[in-house]
Amino acid sequence: IELMLKINKKAEQQSLAKYGLNYVTDKYLPDKLQELGII
Numbered sequence: 385i386e387l388m389l390k391i392n393k394k395a396e397q398q399s400l401a402k403y404g405l406n407y408v409t410d411k412y413l414p415d416k417l418q419e420l421g422i423i
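If you count the sequence shown from 1, you need to add 384 to reach the numbering used here.
This is how it looks when you write it as structure tokens:
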């Protein structure tokens with residue numbers, strides 16, 4: 385959450401909820417952060 389605030393981005397939680405929390409934390413967020421050059 386702190387990172388999202390820092391980069392002025394928000395997660396579309398409802399649209400990602402259908403995939404489950406494990407998908408979001410294990411796949412989506414790491415991929416998105418890498419795409420943004422954060423990791």
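Idealized CB from N, CA, C, for every residue including glycine.
Quick caveat: nothing in here was measured; it's all calculated off a predicted structure.
Open item on the list: Whole angstroms are fine: how far does the CA of Lys402 sit from the CA of Glu386?
Closed with: The count along the sequence shown starts at 1 and reaches residue 386 at position 2. The count along the sequence shown starts at 1 and reaches residue 402 at position 18. So the alpha carbons of these two residues sit roughly 23 Å apart.
Open item on the list: Once DSSP output is grouped into helix, strand and coil, what is the label at Leu420?
Closed with: The count along the sequence shown starts at 1 and reaches residue 420 at position 36. Here Leu420 sits in coil by DSSP.
- [ ] Grab me the residues of Val408's own chain with a C-beta within less than 7 Å of its C-beta, minus the 5 sequence neighbours each way, in chain order.
- [x] For the purposes of this step, residue 408 is identified with residue 24 of the sequence shown, where counting begins at 1. Within the same chain, Val408 has close Cβ partners Leu400.
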